[in-house]
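Some notes on the structure that comes next.
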Amino acid sequence: MDQPIATSLLPPRFAAWFQGRGWQVHDHQLAVLRAVEAGRSVLLIAPTGGGKTLAGFLPSLVELADADPKEKRTGIHTLYISPLKALTVDVARNLETPIAEMGLPIESETRTGDTPQNRRQRQRKHPPHILLTTPESLALLLSYSEAPDYFASLKTVIIDELYAIADTKRGQLLTLGLARLARLAPQCRFLGLSATVAAPERVAQHLNYGARPLDIIRGRDGAQPEIGIMIPDAHVPWSGRMALHAVPAIYEEIKRHKTTLVFVNTRAQAELVFQGLWRLNDDNLAIGLHHGSLAVEQRRKIEAAMARGALRAVVATSSLDLGIDWGDIDLVIQVGAPKGASRLLQRIGRANHRLDEPSRALLVPANRFEVLECKAAIEAALEKDLDEYPPRPYCLDVLAQHILCLACAGSVNPDALYLEVTTAASYASLPREEFDRVFAFVRDGGYALKAYDRWKRLRQMPDGGWRAANMTVVRQYRMNVGTIVESPMLKVRLGRGQALGEVEEWFVQGLLPGDTFMFAGRLLRFEGIREMSVVCSLAKSGEPKVPVYGGGRLPLTTDLAERVRAILEDRRQQRDLPDDVQEWLRLQRWRSVLPTRSRLLIESFPRGNKEFLVAYCFEGRIAHQTLGMLLTRRMERAGLKPLGFVATDYVLATWALGAPTQEQVERLFAEDMLGDDLEEWLEDSSMLRRSFRNVAVIAGLIERRHPGEEKSRRQITFNADLIYDVLRKHEPDHILLHATRQDAAWNLADVQRLGDFLKRVQGRIDVRRLDRVTPLAVPVLVTLGSTEVGNEAMDALLEEAAADLIEEATSGEPGQEAML
DNA sequence: GACCTGCTGCGGTATG
Numbered sequence: 106m107d108q109p110i111a112t113s114l115l116p117p118r119f120a121a122w123f124q125g126r127g128w129q130v131h132d133h134q135l136a137v138l139r140a141v142e143a144g145r146s147v148l149l150i151a152p153t154g155g156g157k158t159l160a161g162f163l164p165s166l167v168e169l170a171d172a173d174p175k176e177k178r179t180g181i182h183t184l185y186i187s188p189l190k191a192l193t194v195d196v197a198r199n200l201e202t203p204i205a206e207m208g209l210p211i212e213s214e215t216r217t218g219d220t221p222q223n224r225r226q227r228q229r230k231h232p233p234h235i236l237l238t239t240p241e242s243l244a245l246l247l248s249y250s251e252a253p254d255y256f257a258s259l260k261t262v263i264i265d266e267l268y269a270i271a272d273t274k275r276g277q278l279l280t281l282g283l284a285r286l287a288r289l290a291p292q293c294r295f296l297g298l299s300a301t302v303a304a305p306e307r308v309a310q311h312l313n314y315g316a317r318p319l320d321i322i323r324g325r326d327g328a329q330p331e332i333g334i335m336i337p338d339a340h341v342p343w344s345g346r347m348a349l350h351a352v353p354a355i356y357e358e359i360k361r362h363k364t365t366l367v368f369v370n371t372r373a374q375a376e377l378v379f380q381g382l383w384r385l386n387d388d389n390l391a392i393g394l395h396h397g398s399l400a401v402e403q404r405r406k407i408e409a410a411m412a413r414g415a416l417r418a419v420v421a422t423s424s425l426d427l428g429i430d431w432g433d434i435d436l437v438i439q440v441g442a443p444k445g446a447s448r449l450l451q452r453i454g455r456a457n458h459r460l461d462e463p464s465r466a467l468l469v470p471a472n473r474f475e476v477l478e479c480k481a482a483i484e485a486a487l488e489k490d491l492d493e494y495p496p497r498p499y500c501l502d503v504l505a506q507h508i509l510c511l512a513c514a515g516s517v518n519p520d521a522l523y524l525e526v527t528t529a530a531s532y533a534s535l536p537r538e539e540f541d542r543v544f545a546f547v548r549d550g551g552y553a554l555k556a557y558d559r560w561k562r563l564r565q566m567p568d569g570g571w572r573a574a575n576m577t578v579v580r581q582y583r584m585n586v587g588t589i590v591e592s593p594m595l596k597v598r599l600g601r602g603q604a605l606g607e608v609e610e611w612f613v614q615g616l617l618p619g620d621t622f623m624f625a626g627r628l629l630r631f632e633g634i635r636e637m638s639v640v641c642s643l644a645k646s647g648e649p650k651v652p653v654y655g656g657g658r659l660p661l662t663t664d665l666a667e668r669v670r671a672i673l674e675d676r677r678q679q680r681d682l683p684d685d686v687q688e689w690l691r692l693q694r695w696r697s698v699l700p701t702r703s704r705l706l707i708e709s710f711p712r713g714n715k716e717f718l719v720a721y722c723f724e725g726r727i728a729h730q731t732l733g734m735l736l737t738r739r740m741e742r743a744g745l746k747p748l749g750f751v752a753t754d755y756v757l758a759t760w761a762l763g764a765p766t767q768e769q770v771e772r773l774f775a776e777d778m779l780g781d782d783l784e785e786w787l788e789d790s791s792m793l794r795r796s797f798r799n800v801a802v803i804a805g806l807i808e809r810r811h812p813g814e815e816k817s818r819r820q821i822t823f824n825a826d827l828i829y830d831v832l833r834k835h836e837p838d839h840i841l842l843h844a845t846r847q848d849a850a851w852n853l854a855d856v857q858r859l860g861d862f863l864k865r866v867q868g869r870i871d872v873r874r875l876d877r878v879t880p881l882a883v884p885v886l887v888t889l890g891s892t893e894v895g896n897e898a899m900d901a902l903l904e905e906a907a908a909d910l911i912e913e914a915t916s917g918e919p920g921q922e923a924m925l
C-alpha cells in the first residue's frame, strides 16, 4: 500500500495509526517531533483545528511507546499545563484514543483542584507518565519536599494557550515555576502551544531556559474567514450598546445555520440577548447561555450539550473564548463591536475547524460609531494586524509567593535562587537588591513588620539556606496559592444608614469625595470608603458628575482607534457604509466638520443652560475617563465651573457653566496635565489602597483562606487597610508598597496612551464654536439623559430621548462655522 | 477597569 511520504517519517506504529484514521500527518506536527527529538524547545503557532494538541504530545507518545510498563518510576515524563481545568480533562480524554488504539503502555492523569485527595496522594507516590495540570497546581507540586525526585526525570513540558497567560501575574508565576523545572530537570524541553500572536518572539522567550535552542514553528494558516456586518432593516440606532434591535435578525441566522456561537461583551448583555432570543423562539430551538455568573454545573451542562451537538446556539461572554474545540459551529456572531482584532480572530476561530473551509462570522454594531469600528476590526482581522501590548514588568508580589513555595519544598539558597529566577524572561532584569528585599520580606516581613511573629516565615537551616519556619507556614502557603484575587463588591450606604445596594469596587476607585453619581434612583454625593462600604450623602438636585453604567465597555485598542479615524478622514472608505451612517456623517460635515487623524477636533456649544465641550480623542474609554477627571479639575481652576463629564471610547464630553476660549482650551489640554494633577489624583483616590490589597494577598501578607474558614472579603480589606497605613507611616519604602505603585502604574497603562495623545495634539487643536449640538455629538449626549443603563428598556428609551437631540442636530441652518 | 481563569494535606477517627 502506498504510504504518504510525510506519514512514513513516523514510527511504523504511528504511521499505521494515522493511516487507519485516514489522516495525513501535518508538516508542523512532524516539525515539532523532529525539533523535540533533537532536544530543542519549541513554540508552535497554529490555528485551531490544525491538530495542535496532538503535535504537542506526539514527541512524548513516540518516546514513551517503548516504555517498560513494569518499570518503577518516581517521576513523570511529560507535564502538560493549561489555563483551564476543563481543558486538562478534555485533553486527557483526547489522549486516551491514540494511547488505546495503538496499545501504548502510557499512563496519563489530570491533577487539579478537582482531583480527589486519595488520587493526589497516589500520584505523589506513583506518578503517571503524563500529568495534565494548571499553573496553580504546578506551584503546589513544586512546594512538596519530593519535588526534586518527582521532576528529575522530566523530559517535556507542554504549555497550552501560552499567549493567553504570557503577560499576566498568573503567567509570571508559571514562568517562575518553569525556571524551577528547568533547574530540577536540565534535560527538559519546553513546548508552547499558541494561537496567532503579534509578537511570537516575545511569547517564545517564556520557553527559553538554559542554553537550549528554541524554534518557532508555524502551522499552515486556515482559509481566510468570511466576515460580514449585520444591519437589520438597513437601520442603525444612534446610540445604545445592547444591540437588542438585532435580536430578530440574529434569531433568523440561528435558524438558517446548524450551530451558532453568539458572543457578547458583558454578562448583562448575554442575559438580555438570550432572553430576547427565547421570547422569539416559536420553533423551540435549543439555545443555551454561558457566562461567569452562572453556576458551574449549569455551564458544564451547556458545554456537554454543545459537545453532543444538541444545541443550535449558545450566547456567551469570553467564558467560551478558550477551551474545548467544537467542530460543528458554522457561524459566529459577535454582538457589539469586538474592540480589538485579536479578540475578533480568536472568537471567529471557534467556528468550523476544518482548515480549508472559511469560518463564517457576522458582526452586529449596536450604534453608528460601532459600525465604523466593526469595519475597522474586519479590515484589521483580514490583514492579520493583531493587537500588540507592551510586556508586563516583573511583579514582586508574585516573586514573594514563589520564594515561599520553594521554601516549603526545602532549603533555599538566595544566591542560587536569584540566578534561577532571572532565567525567567519576565524577571531577567530584576536587580539583586530588589530580589534581596523581597526575600527579606518573605523571611520576616521587613523592617516595620519584623516585630510580629506571624510574618517570620523562614528559618535558617544548618546548610545556610532558608526554609519554611513551620508546618503552619506551609499550610498557609498551600491554602493561598495562586495570583487570582477576587474583586469585591462594595455596599453603598447613606451615611451610617442601611445599604442601598452594591457596586463594583472599580467604579469607586476613581471617585473623589464630593463627586456625585446616580445609584438606586437617587443622586448621591461620594463621601469616602469605610471598610467595605461606600459612604454617601444625598446630593442636591442636578446632574451626576460621573454617570454609572451597568457593566462597562472594553476599551478600544489603539490600532482600531487609528483605523476608525482613518475611515472618518477618507470619504472613499465611507462609501460602503450603511446609508444611515453615511447620512449621519454627511450631516456632521454640513453642521460642523469630521475629525481628522492629525488634529484634535473640539466642539463647543450651548444646550439648556449649560456649555458643552466635546473632544473627539478616540483614545478609549479608560483614557477618556482619566482625562475627564483631570480636565474638570483644571476647568475648576480656570473658573469655568464644570458640572460633569462623560467618556465613551470615542469622545470625552464635559459640561460647565462657562465656555472656554480657544486659548483656554489649549491651556486645558497642555501636556503637563499628567504631572502634579495626576499624582494628586492618585493619592486622593483609593486606587493605591486597593492595589495594595491585591499585592498583599498574592505576596502572602494576608490570608484569603484559613483552615476551616474562608476569610470574608471584609476581613481581608480591613486587614489590608490597617497594614497599608502602618507601612505608609513607618516604612514608606517597604517592598510591597513599591510593588503596589508598580501595579497601579501598570493598571493605569492608558495614562501612557494619554501622554502620547497630549503630545501629539499640542498646537493642533481645532475648536469649533457652534450654536447647537452636532450629529456626531448626539450619541454621547443621549447617554447623559440616562443614568442607569443595563435594563432592557434602556436602548429603546435612549432612542426616544435621542429624538429631540437628533432633530436639533439635523434641522435648520448649517452651524456657525466661525472658529473661535 | 470589560471578561475570564484556580484553589491544603495531615493526622485523627469511623467504617467496610
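When the letters of the first sequence are read in order and numbered with our numbering, they come out as residues 106 to 925.
Positions of the beta carbon are idealized from the N, C-alpha and C atoms, including for glycine.
Report all residues from its chain with a CB closer than 7 Å to the CB of residue i; omit the five preceding and five following residues, and keep chain order.
i       : result
Ala-354 : Met-335 and Pro-337
Trp-122 : Pro-203, Glu-206 and Met-207
Leu-115 : Phe-123 and Val-130
Pro-747 : Thr-737, Met-740, Glu-741, Thr-759 and Ala-761
Gly-381 : Leu-349 and Val-352
Ala-825 : Phe-797, Arg-798, Ala-801 and Ile-807
Leu-910 : Val-878, Val-883, Leu-886 and Val-887
How would you call residue i, buried or exposed, if buried means at least 16 neighbouring beta carbons within 10 angstroms?
i       : result
Lys-444 : buried
Gly-602 : exposed
Glu-478 : buried
Ile-707 : buried
Ile-589 : exposed
His-811 : exposed
Thr-577 : exposed
Val-401 : exposed
Asp-171 : exposed
Arg-562 : buried
Quick check on residue i: does DSSP put it in helix, strand or coil?
i       : result
Leu-245 : helix
Pro-747 : strand
Trp-851 : helix
Pro-337 : helix
Leu-535 : coil
Thr-737 : helix
Ile-429 : coil
Gln-565 : strand
Starting from residue i and walking both ways along the beta strand (DSSP E), at which residues does that stretch end?
i       : result
Arg-323 : 319-323
Lys-596 : 594-599
Ser-642 : 638-643
Val-872 : 870-874
Tyr-185 : 183-186
Pro-305 : Premise fails: Pro-305 lies in the alpha helix (DSSP H), 305-309, not in any beta strand (DSSP E).
Trp-128 : Looking at the DSSP string, Trp-128 is not in any beta strand (DSSP E), and its letter there is neither H nor E.
Lys-715 : 715-720
His-395 : 392-395
Leu-149 : 146-150
Below 6 Å CB to CB, which residues in the same chain sit around residue i once its five sequence neighbours on both sides are set aside?
i       : result
Ile-532 : Per the sequence shown, residue 532 should be read as Tyr rather than Ile. Hits under 6 Å: Tyr-499 and Val-526.
Ala-410 : Leu-416
Quick check on the DSSP output: the alpha helix (DSSP H) that includes residue i runs from which residue to which?
i       : result
Arg-798 : 792-803
His-839 : Element bounds for His-839: n/a, residue is neither H nor E.
Glu-768 : 767-773
For residue i, I'd like the list of residues in its chain whose CB is within less than 8 Å of its CB, leaving aside the five on either flank, ordered along the chain.
i       : result
Ala-914 : Leu-692, Arg-696, Arg-877, Val-878, Thr-879, Pro-880, Ala-882 and Val-883
Ala-412 : Ile-429 and Trp-431
Ala-553 : Val-831, Leu-832, His-835, Glu-836 and His-839
Glu-768 : none
Is the stretch 518-525 in contact with the stretch 478-486, if contact means three or more CB pairs nearer than 8 Å?
-> As far as the Cβ criterion goes, the stretch 518-525 does not touch the stretch 478-486, which means the pair count is below three.
Do the stretch 298-308 and the stretch 545-552 make contact, defined as three or more Cβ pairs closer than 8 Å?
-> Taking a cut-off of 8 Å on C-beta distances, the stretch 298-308 does not touch the stretch 545-552, as fewer than three cross pairs fall below it.
Assess, as a yes-or-no matter, whether the stretch 169-178 is touched by the stretch 213-220 under the definition of 3 or more beta carbon pairs within less than 8 Å.
-> Contact fails between the stretch 213-220 and the stretch 169-178, because fewer than three Cβ pairs, one in each stretch, are under 8 Å apart.
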